[in-house]
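Engineer:
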Amino acid sequence: MIAEADKKQINRWNDRMDVDTILRLVSSPDKRSEELQSFCHLLSRLAPRIKVSTQQGESGPGFMEIGGKLRVQAIPEGKELEQLLEALAFSVNSPKLSNRLKRLLDDIIVPAELKLFITPQCPHCPLLFRQLLPVIFSAGFIRLTVIDGLMFTELAKLYGVKSVPSLFLDDDFQWNGMVGMEELLMVMAKRDLETLSQNTLTNLLKEGKAAMIAEMMSRHEKLSGAFLKLLAHDKWPIRLGAMVAFEEIIRINPALAVGSISSLLDEFSSAQDQAKGDILYLLGLIGSPAAEPFLETIKNGGYNGDVMESAMEALESIRLNS
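The numbering of the sequence shown is the numbering used here, which starts it at 2 and goes up by one.
1. Am I right that Ile148 and Phe174 are in contact with their C-beta atoms under 8 Å? What's the rounded C-beta distance?
2. What do you get for Trp14, buried or exposed, if any count of 16 or more other CB atoms within 10 angstroms of its CB means buried?
3. In whole angstroms, what separates the C-alpha of Lys277 from that of Ala233?
4. Give the DSSP-derived three-state secondary structure of Leu102 in the structure shown.
5. If you follow the alpha helix (DSSP H) that Ser39 is in, where does it begin and where does it stop?
6. Buried or exposed, going by whether 16 or more other CB atoms sit within 10 Å of the CB of Thr55?
7. Tell me whether Leu168 sits in a helix, a strand or coil according to DSSP, three-state version.
8. Give me the Cβ distance between Met189 and Leu170, rounded to the nearest whole Å; I'm assuming they're in contact under 8 Å.
9. Using the three-state DSSP reduction, which class does Lys97 fall into: helix, strand or coil?
10. Based on DSSP bridge pairs, tell me the residues matched to Glu66.
11. For Leu202, which residues of its own chain have a beta-carbon under 7 Å away from its beta-carbon, when the five flanking residues on both sides are left out?
12. Output the residue ranges of the alpha helix (DSSP H) runs that lie fully inside the segment 244-279 and measure 4 residues or longer, sorted by chain position.
13. Applying the criterion that 16 or more other CB atoms from any shown protein chain within 10 Å of the CB defines a buried residue, is Gly63 buried or exposed?
14. For Ile109, which of helix, strand or coil comes out of DSSP?
15. Is DSSP giving Leu197 helix, strand or coil here?
16. Quick one: grab the DSSP three-state call for Asn177.
17. So for Ile11, helix, strand or coil by DSSP?
18. Going by Cα to Cα distance, which pick from Met217, Asp274 and Ser263 is closest to Ile250?
19. Between Asn94 and chain B, is the shortest Cβ-Cβ distance under 8 Å, so that the two count as touching?
20. So, helix, strand or coil for Leu82, using DSSP?
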């Protein structure tokens, strides 16, 4: 599965490393997960410094992950294997970055999701992969997913990939061929909170970054539409993460929370009953009398008993703290 030249490259890399690194493998029922698993375990046998952490993911393609920054849906070889090893090194030893790129990174306020589509035969793909690595491992809010378009053809088709390398930013911006890092970072810096997708926010919440989301939105005195949608999400774990972030917003910027009441009421109208109860809980936590007329209507209206009870509890919370 791994060529002799690649095995030697792995051995040399291992000899240079003086600390262990973690390669996280998230597997799934997808058959390609078996290939990723075989690759990871062979890699760790060739390089004992690489410790593989395996966990079962949800349905969909599996992936390898390094440092919470890089996801790989490919079996790297040659130059791309070299970049994977470099990423493993960057996960324990911070990369060097030019002052110019550091300044551009400082201007980025909105988390970014990058997807890079590659193929094994592409001569330029490893070059772009290599340029991206120091940037993502130097930034707090940027994550890169590298996808082999021939191995994961359904993803290449979904994104309309016609040539490689193809780089996507938040599923909105696309570059075909090489792109300079300064250009990429300047585009990132021009985005505002409304460019944040529900998927990006969900990933951040799954990584335990609710406080970071709260701080970011509080700093800009604005709650994104995608974030508000998560407060009414059908799935409880996602909704819970968003609620944790909102509770932090109430704590650090109560005025912003009060200003979001009308938006919460909009989300309430289309939410399922369990989510309705959670939104009412947040209204009680905000503690503003401005929500009382709405809560009185819900308490006396033809709603599910649990929803009406949540409205009563929210009213009690507001009046108790008034």
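The beta-carbon is built from N, C-alpha and C at its ideal position, and this holds for glycine as well.
Structural biologist: Concretely, from the data shown:
1. For the purposes of this step, residue 148 is taken as residue 147 along the sequence shown, with counting starting at 1. For the purposes of this step, residue 174 is taken as residue 173 along the sequence shown, with counting starting at 1. Not quite, the Cβ-Cβ distance comes to about 17 Å (not below 8 Å), so this is no contact.
2. As a first step, residue 14 is located in the sequence shown; it is residue number 13 there, counting from the start. The residue is buried, with at least 16 neighbouring Cβ atoms inside 10 Å.
3. The count along the sequence shown starts at 1 and reaches residue 277 at position 276. The count along the sequence shown starts at 1 and reaches residue 233 at position 232. Their Cα atoms are separated by approximately 7 Å.
4. The sequence position of residue 102 within the sequence shown is 101, counting from 1. The answer is helix: DSSP assigns Leu102 an H, G or I state.
5. By 1-based counting over the sequence shown, the position of residue 39 is 38. Its alpha helix (DSSP H) spans residues Arg33 to Leu47.
6. The count along the sequence shown starts at 1 and reaches residue 55 at position 54. Looking at its Cβ environment, which holds fewer than 16 other Cβ atoms inside 10 Å, Thr55 is exposed.
7. As a first step, residue 168 is located in the sequence shown; it is residue number 167 there, counting from the start. Leu168 falls in the strand class under three-state DSSP.
8. Within the sequence shown, residue 189 is the residue found at index 188, counting from 1. Within the sequence shown, residue 170 is the residue found at index 169, counting from 1. About 7 Å separates the two Cβ atoms, so the contact holds.
9. Here the question's residue 97 lines up with position 96 in the sequence shown. Lys97 falls in the coil class under three-state DSSP.
10. Here residue 66 is taken as the residue at index 65 of the sequence shown, counted from 1. In the DSSP output, where bridge partners are listed per residue, Glu66 has Arg25 and Arg72.
11. Walking along the sequence shown from the start, residue 202 turns up at place 201. Excluding positions up to five away in sequence, the list reads Ile214, Ala227, Phe228 and Leu231.
12. 255-260 and 262-271
13. Counting from one through the sequence shown, the residue named residue 63 turns up at place 62. With 16 or more Cβ atoms within 10 Å of its Cβ, Gly63 is classed as buried.
14. Counting from 1 along the sequence shown, the entry for residue 109 is found at position 108. Note: Ile109 maps to coil in three-state DSSP.
15. The residue given as residue 197 occupies position 196 in the sequence shown. Note: Leu197 maps to coil in three-state DSSP.
16. Here the question's residue 177 lines up with position 176 in the sequence shown. DSSP places Asn177 in strand when its eight states are reduced to three.
17. The sequence position of residue 11 within the sequence shown is 10, counting from 1. In this structure, Ile11 counts as helix in the three-state DSSP scheme.
18. Counting from one through the sequence shown, the residue named residue 250 turns up at place 249. The residue with the shortest Cα to Cα distance from Ile250 is Met217.
19. This model lacks chain B altogether, as it is built from one protein chain only.
20. By 1-based counting over the sequence shown, the position of residue 82 is 81. Of the three classes helix, strand and coil, the one that applies to Leu82 here is helix, per DSSP.
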